[in-house]
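Asker:
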Amino acid sequence: GENVEQHPSTLSVQEGDSAVIKCTYSDSASNYFPWYKQELGKGPQLIIDIRSNVGEKKDQRIAVTLNKTAKHFSLHITETQPEDSAVYFCAAKDNNNDMRFGAGTRLTVKP
Amino acid sequence: DTAVSQTPKYLVTQMGNDKSIKCEQNLGHDTMYWYKQDSKKFLKIMFSYNNKELIINETVPNRFSPKSPDKAHLNLHINSLELGDSAVYFCASSLPKGNSPLHFGNGTRLTVT
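This is the structure:
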């Protein structure tokens, strides 16, 4: 089955700086890669996703890149704000609808 | 307009008891899931149901049993609760196709004493 690894486990940045979170996956059949943000006391919320036929996708301050050959994908947050502080999860989903999550990255944005 | 709702939000109970967590989604999705999140925030899939059929059953104890009365509901029953069952349980739903995101509920924090 799919195995997703995520780094770093914790990340602290100054407000206005960029944050990058990286993930690798093991199953070459995986074709859908969402990113979730989880705030305290809430469920994970989808913030951006990318499909295997796309190399990069951007939505305002958030961008995701995918390298299918190397089987890794990354989340980039620019101009970070204190409200970006949360736990972020990457995930990989294959055609069998089997979605596996990374271990999470706790992002802290210091004002 | 809640998409995926689960109840209760908090559940405190003693070892050996039997409890249930309810989940409902109004998104018209065909597939529903239960995930367990431990104290280190790791999200582990427990079950998924597609059109009332169990299609994933990870290595969870048979004390846990999902029940789906219809495709909008997937309840989780837990028998003979143990201390190690303490965690946050999330319900989620999605369309059946592979490139569809999961929509999560806000979780049920289960504490077994």
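Top to bottom, those sequences are chains A and B. Going by my numbering, the final residue of the first sequence carries number 124, and the count climbs one at a time with no gaps. Going by my numbering, the final residue of the second sequence carries number 122, and the count climbs one at a time with no gaps. Even glycine gets a Cβ: it sits at the ideal position worked out from N, Cα and C. Predicted model only: the values in this text are computed from it and were never measured.
Mind listing the chain A neighbours of B:Thr40? Cutoff is C-beta to C-beta under 8 Å, in chain order.
Answerer: Position 31 of the second sequence, counted from the start, is the residue given in the question as residue 40 of chain B. Neighbours of B:Thr40 on chain A, chain order: Asn110.
Asker: Short of 8 Å in beta carbon distance, which residues of its chain neighbour B:Asn84, apart from the five on each side in sequence? Order them along the chain.
Answerer: Position 75 of the second sequence, counted from the first residue, corresponds to residue 84 of chain B. If we look at B:Asn84 and ignore the five residues flanking it on each side, its Cβ neighbours are Ser29, Ile30, Lys31, Cys32, Pro75, Lys76, Ser77, Pro78.
Asker: Given that B:Ile65 touches chain A, what residues does it touch there, using C-beta distances under 7 Å?
Answerer: As a first step, residue 65 of chain B must be located in the second sequence, where it is residue number 56. Within 7 Å Cβ-Cβ: Asp111.
Asker: What is the C-beta distance between A:Asn110 and B:Thr40, in whole angstroms, given that I count them as a contact (C-beta under 8 Å)?
Answerer: Within the first sequence, numbered from 1, the residue matching residue 110 of chain A stands at position 97. Within the second sequence, numbered from 1, the residue matching residue 40 of chain B stands at position 31. That belief holds up - the Cβ atoms of A:Asn110 and B:Thr40 are roughly 6 Å apart, short of 8 Å.
Asker: Using CA atoms only, rank isn't needed, just tell me which of A:Ala105, A:Gly117, A:Glu18 is closest to A:Ser98.
Answerer: Working through the first sequence from its first residue, we reach residue 98 of chain A at position 85. Of the candidates A:Ala105, A:Gly117, A:Glu18, the one whose C-alpha sits nearest the C-alpha of A:Ser98 is A:Gly117.
Asker: Less than 7 Å between C-beta atoms, sequence neighbours within five positions excluded: which residues of the same chain meet that for B:Pro17?
Answerer: One-based indexing of the second sequence puts residue 17 of chain B at position 8. Once the five neighbours on either side are set aside, the close Cβ partners of B:Pro17 are Thr117.
Asker: So, using beta-carbon positions, are B:Tyr42 and B:Phe56 closer together than 8 Å?
Answerer: In the second sequence, the residue the question calls residue 42 of chain B occupies position 33. In the second sequence, the residue the question calls residue 56 of chain B occupies position 47. Yes, the Cβ-Cβ distance between B:Tyr42 and B:Phe56 is below 8 Å.
Asker: With 7 Å as the C-beta to C-beta threshold (strictly closer), list the residues of the segment 70-99 of chain B near chain A in chain order.
Answerer: Taking 7 Å as the Cβ-Cβ cut-off against chain A, the residues of the segment 70-99 of chain B that qualify are Phe99.
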